[in-house]
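From first to last, the protein sequence lines are chains P and B.
With UniProt numbering applied, the first sequence has no gaps in its numbers, which climb one by one up to 204 at the end.
With UniProt numbering applied, the second sequence has no gaps in its numbers, which climb one by one up to 204 at the end.
Heads up, the beta-carbon is just placed ideally off N, CA and C, and yes, glycines get one too.
Keep in mind the model is a prediction, meaning the values are calculated, not measured.
The block underneath contains the structure these notes are about, expressed in structure tokens.
Protein chains: 2
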Amino acid sequence: MTTTDETQAARPAGRPRSARAEKAIIEATLDLISESSGLGELSIEAIAARAGVGKTTIYRRWSNKEDLLVDALAALKAPLPALAGRSLREDLVACAEVFLQEARNARSRCVMNIAMNETERHPRLVQRIHQATIAPRRAVLTALLQRGIATGELRADLDVPVSIASLIGTVVWYVRGFGPDQEDLPEGTAERVIDHLLVGMSPR
Amino acid sequence: MTTTDETQAARPAGRPRSARAEKAIIEATLDLISESSGLGELSIEAIAARAGVGKTTIYRRWSNKEDLLVDALAALKAPLPALAGRSLREDLVACAEVFLQEARNARSRCVMNIAMNETERHPRLVQRIHQATIAPRRAVLTALLQRGIATGELRADLDVPVSIASLIGTVVWYVRGFGPDQEDLPEGTAERVIDHLLVGMSPR
DNA sequence: CTGTTTCGAAACTTTTGTGTATCGAAACGG
DNA sequence: CCGTTTCGATACACAAAAGTTTCGAAACAG
Numbered sequence: 001m002t003t004t005d006e007t008q009a010a011r012p013a014g015r016p017r018s019a020r021a022e023k024a025i026i027e028a029t030l031d032l033i034s035e036s037s038g039l040g041e042l043s044i045e046a047i048a049a050r051a052g053v054g055k056t057t058i059y060r061r062w063s064n065k066e067d068l069l070v071d072a073l074a075a076l077k078a079p080l081p082a083l084a085g086r087s088l089r090e091d092l093v094a095c096a097e098v099f100l101q102e103a104r105n106a107r108s109r110c111v112m113n114i115a116m117n118e119t120e121r122h123p124r125l126v127q128r129i130h131q132a133t134i135a136p137r138r139a140v141l142t143a144l145l146q147r148g149i150a151t152g153e154l155r156a157d158l159d160v161p162v163s164i165a166s167l168i169g170t171v172v173w174y175v176r177g178f179g180p181d182q183e184d185l186p187e188g189t190a191e192r193v194i195d196h197l198l199v200g201m202s203p204r
Numbered sequence: 001m002t003t004t005d006e007t008q009a010a011r012p013a014g015r016p017r018s019a020r021a022e023k024a025i026i027e028a029t030l031d032l033i034s035e036s037s038g039l040g041e042l043s044i045e046a047i048a049a050r051a052g053v054g055k056t057t058i059y060r061r062w063s064n065k066e067d068l069l070v071d072a073l074a075a076l077k078a079p080l081p082a083l084a085g086r087s088l089r090e091d092l093v094a095c096a097e098v099f100l101q102e103a104r105n106a107r108s109r110c111v112m113n114i115a116m117n118e119t120e121r122h123p124r125l126v127q128r129i130h131q132a133t134i135a136p137r138r139a140v141l142t143a144l145l146q147r148g149i150a151t152g153e154l155r156a157d158l159d160v161p162v163s164i165a166s167l168i169g170t171v172v173w174y175v176r177g178f179g180p181d182q183e184d185l186p187e188g189t190a191e192r193v194i195d196h197l198l199v200g201m202s203p204r
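As structure tokens, then:
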């Protein structure tokens with residue numbers, strides 16, 4: 001038993017790795033992915049320069065580019081909307097608001113692009129994005145719609161898969177018509193889309 | 001007046017440029033764009049190799065990469081659906097079928113990706129895509145929906161912009177759940193989506 | 001046949017990124 | 001204070017691609 005047996009195995013001695021540098025590397029990576037399109041244009045040198053870090057510090061932690069990408073995208077948390085549960089419409093609007101903001105945010109959008117385009121080049125990465133980002137959203141919406149069917153707020157014969165595609169796809173495609181990061185998008189856009197789609201999803 | 005005054009100005013003498021080579025270059029460019037993601041990964045050398053052409057032949061016609069891309073994407077015709085005009089539903093299904101096929105076709109999909117992601121890097125190119133591909137589709141759908149409103153097949157207070165986004169966005173997002181080029185997508189998908197959306201767009 | 005231009009191929013220079021190694025300085029444990 | 005490890009910076013060899021030039025062959029006009 002050594003004297004330093006606080007909680008875990010003893011620290012391996014020597015200068016500890018800088019958590020600040022690690023953070024800076026992840027941030028720089030996400031920045032550069034957002035600015036570029038496609039993972040092929042991403043260079044380790046650019047990441048090191050942007051992060052104010054030596055290349056050594058990167059290669060010491062990640063042996064190849066994909067490992068770094070996996071960690072970087074994992075750090076990009078996916079904030080699912082808090083579902084108040086008061087009414088179906090209210091929860092759907094909350095979801096739409098989240099999707100809308102993500103569609104306008106460069107960092108969130110690049111995750112979608114990677115999932116759509118890099119399936120063959122980086123299957124491991126895409127698979128991880130699916131289970132970390134896409135599957136949870138799909139699950140939330142599925143549960144939400146089935147709850148709505150149960151409470152009678154939605155048609156009993158509702159086509160759930162198509163409804164999910166319409167909820168996400170419509171928001172994404174609608175905001176696409178406006179500038180990516182501009183501020184000229186009106187206020188009640190989420191409500192407007194949901195109210196439009198809800199007409200066809202409600203009973204009678 | 002020279003003897004060769006057939007229709008236009010006389011040919012400038014010398015070996016004429018091979019139309020076949022030009023075609024091969026355009027085809028190779030489109031192939032490589034489809035396979036890659038992002039325009040930055042595209043290399044002139046790869047295009048020349050794929051086309052079976054010397055790099056000289058490319059640089060002689062296009063001074064830079066973007067000029068080549070503009071011409072290549074212009075060659076990618078956008079087949080708007082033939083609108084039979086018998087019923088609104090029939091025409092909408094025809095549109096949806098076209099969008100669906102395009103969403104699964106690598107060459108068409110890459111146009112969408114470029115339009116969404118390369119706005120800052122290639123504004124000229126994106127602007128051209130907008131006026132050559134996106135605007136016509138938007139116009140067709142707008143006319144179609146307004147005709148439907150006039151004939152009473154659609155609600156008089158229909159939100160046309162949101163409807164357009166829902167028609168395209170839902171199809172694109174729905175087929176996205178299946179494999180990109182797989183064959184496992186069911187037959188009546190276009191009808192299924194249109195019938196779902198039409199519920200909320202019809203009167204009463 | 002002669003002059004001109006394009007053809008594909010190859011050599012060339014320059015730029016950019018990869019991955020490794022080396023350097024002195026700094027941060028820790030003991 | 002000492003050994004160890006990380007720090008950022010820099011240099012290095014290697015590869016890929018950009019863009020230019022040169023080359024012999026081929027296609028066309030006159």
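- L39 of chain B places its beta carbon 9 Å or farther from that of I129 of chain B.
- Here G188 of chain B is exposed. Its C-beta has fewer than 16 other C-beta atoms within 10 Å.
- The beta-carbon of S108 of chain P is placed no less than 9 Å from the nearest beta-carbon of chain B.
- If you look at K77 of chain P, you'll find it isn't in any alpha helix (DSSP H); DSSP assigns it neither H nor E.
- Counted as a single uninterrupted DSSP element, the alpha helix (DSSP H) harbouring P161 of chain P occupies residues 160-176.
- K55 of chain P and D184 of chain P have their C-alpha atoms spaced approximately 40 Å apart.
- Spanning the alpha carbons of C110 of chain P and G200 of chain P requires a straight line of approximately 31 Å.
- Taking each of P:A103, P:A156, P:I194, P:Q146 in turn and checking the Cα distance to R176 of chain P, the smallest one comes out for P:A103.
- Fewer than three pairs of CB atoms, one per stretch, sit closer than 8 Å, so the region 50-70 of chain P makes no contact with the region 59-75 of chain B.
- With 16 or more neighbouring CB atoms inside 10 Å of its own CB, D91 of chain B falls in the buried class.
- Y59 of chain B is classed as exposed because its beta carbon has fewer than 16 other beta carbons within 10 Å across all chains shown.
- Taking C-beta separations shorter than 6 Å and ignoring five residues to either side along the sequence, the partners of A94 of chain P in its chain run P81, following chain order.
- In the structure shown, the three-state DSSP call for A21 of chain P is helix.
- Taking 9 Å as the threshold, the shortest C-beta distance from A13 of chain B to chain P does not fall below it.
- Below 8 Å, enough C-beta pairs join the region 157-166 of chain P and the region 159-171 of chain B to call them touching: three or more.
- Under the DSSP assignment, G85 of chain P falls outside any alpha helix (DSSP H); it carries neither an H nor an E label.
- Take the alpha-carbon of E191 of chain P and the one of S202 of chain P: they are about 15 Å apart.
- Taking 4 residues as the shortest admissible run, the region 21-67 of chain B contains the following complete alpha helix (DSSP H) segments, listed from N- to C-terminal end: 44-51, 55-61.
- Residue contact check for L197 of chain P against chain B: a CB pair falls below 9 Å.
- The continuous alpha helix (DSSP H) containing L145 of chain B extends over residues 135-151.
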